[in-house]
Amino acid sequence: RKQGKPSTMKWTKRNHLLTFFALLSQNVSASASSIDYRYFLAGGTSAAISHGITTPIDVVKTRMQSDPSKYKSLLPATATIIKEEGAGALVKGLGPTLVGYGIEGAMKFGIYEVSKPLVLSVMAALSANLHIGKGGGNKGLSFLLASIAAGAVASLILVPMEMTRIRMVTDPEFEGVGLVGGLARLIEEAGLMKTLTVGLGAMLAKQVSSAYFFMTIVLLKVWSIALYQMVSSISYSLFNLFFYNGVSLTGNHQFTT
Numbered sequence: 605r606k607q608g609k610p611s612t613m614k615w616t617k618r619n620h621l622l623t624f625f626a627l628l629s630q631n632v633s634a635s636a637s638s639i640d641y642r643y644f645l646a647g648g649t650s651a652a653i654s655h656g657i658t659t660p661i662d663v664v665k666t667r668m669q670s671d672p673s674k675y676k677s678l679l680p681a682t683a684t685i686i687k688e689e690g691a692g693a694l695v696k697g698l699g700p701t702l703v704g705y706g707i708e709g710a711m712k713f714g715i716y717e718v719s720k721p722l723v724l725s726v727m728a729a730l731s732a733n734l735h736i737g738k739g740g741g742n743k744g745l746s747f748l749l750a751s752i753a754a755g756a757v758a759s760l761i762l763v764p765m766e767m768t769r770i771r772m773v774t775d776p777e778f779e780g781v782g783l784v785g786g787l788a789r790l791i792e793e794a795g796l797m798k799t800l801t802v803g804l805g806a807m808l809a810k811q812v813s814s815a816y817f818f819m820t821i822v823l824l825k826v827w828s829i830a831l832y833q834m835v836s837s838i839s840y841s842l843f844n845l846f847f848y849n850g851v852s853l854t855g856n857h858q859f860t861t
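All letters in the sequence shown, in the order written, are residues 605 to 861 by the working numbering.
This is the structure we're talking about:
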């Protein structure tokens with residue numbers, strides 16, 4: 605019996621995973637027609653704008669990382685770049701930044717918002733099928749899984765764009781080639797798979813770690829609403845106790861609700 609226990613546990617875990625993905629596919633097909641694309645538009649627009657306006661800072665940061673002996677701190681490095689290459693050098697890589705982070709933001713925020721109720725319903729159905737808990741699902745875990753999935757998809761989009769941006773900022777051979785030309789040259793040099801996957805692990809670690817940020821925001825919102833409702837209820841009860849009862853005792857007025 606002891607020898608058969610690990611295989612039994614492995615089979616049980618495998619069944620749980622199969623059940624999870626089966627329920628997930630059912631919910632995906634059921635909710636595909638009700639996707640709110642405003643999440644994707646809002647996320648892409650905000651990410652493109654927020655990263656686009658900080659392109660000069662990214663340029664200076666990248667130069668400081670690639671040549672720390674020449675570019676030692678923010679303001680002197682900025683002055684050196686403008687003196688040697690002109691102010692236009694501070695917006696190098698703007699195209700890849702806007703496109704890359706625009707798509708990244710659209711996928712990250714859109715997939716997260718769309719998959720939150722999806723994963724939550726799957727977790728609820730899974731816990732009900734397996735008779736775990738009360739069958740209501742785990743909201744925190746569901747939001748965490750949704751944010752991890754969103755961050756992973758965003759990483760796949762962002763890696764080649766970031767690679768192109770860095771080469772445009774640091775490599776004179778990429779001067780003025782643009783986004784499409786830069787991507788084409790990278791693929792020609794390193795191949796398609798390497799262009800898409802170099803630094804993917806680090807990007808995944810960066811993006812997936814921000815999953816806790818999404819989950820924390822949602823949970824804080826849920827907790828703040830519950831706290832507000834609780835405080836409001838207590839405040840109303842105290843007001844009702846001291847005001848109405850006080851008036852009733854002093855003026856012999858009776859109030860009905």
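From the three backbone atoms N, C-alpha and C, an ideal C-beta is built for every residue, glycine too.
Query                                                                                                               : Result
The alpha helix (DSSP H) enclosing residue 665, as first and last residue numbers                                   : 659 to 670
C-alpha gap between residue 645 and residue 790, whole angstroms                                                    : 29 Å
Whole-angstrom C-beta distance between residue 666 and residue 774, which should lie under 8 Å                      : 6 Å
Straight-line gap, residue 699 to residue 652 (C-alpha atoms, nearest Å)                                            : 10 Å
Cβ-Cβ separation, residue 702 to residue 656 (assumed contact under 8 Å), whole Å                                   : 5 Å
Coil, strand or helix - residue 641 by DSSP                                                                         : coil
Spatially closest choice to residue 760 from 830, 838, 669, 709, by CA coordinates                                  : 709
Helix, strand or coil at residue 802 according to DSSP, with G and I counted as helix                               : coil
Residue 772 classed as buried or exposed, judged by whether at least 16 other C-beta atoms fall within 10 angstroms : buried
Distance CB(residue 758)-CB(residue 797) smaller than 7 Å                                                           : no
For residue 643, the nearest candidate out of 784, 713, 827 (CA to CA)                                              : 713
Reference residue 801, options 766, 779, 752, closest by Cα                                                         : 766
Selection from 661, 829, 654 that minimises the alpha carbon distance to residue 680                                : 661
Beta-carbon proximity of residue 880 to residue 746, cut-off 7 Å                                                    : Residue 880 cannot be examined here, being either before or after the span of the chain that is shown, 605 to 861.
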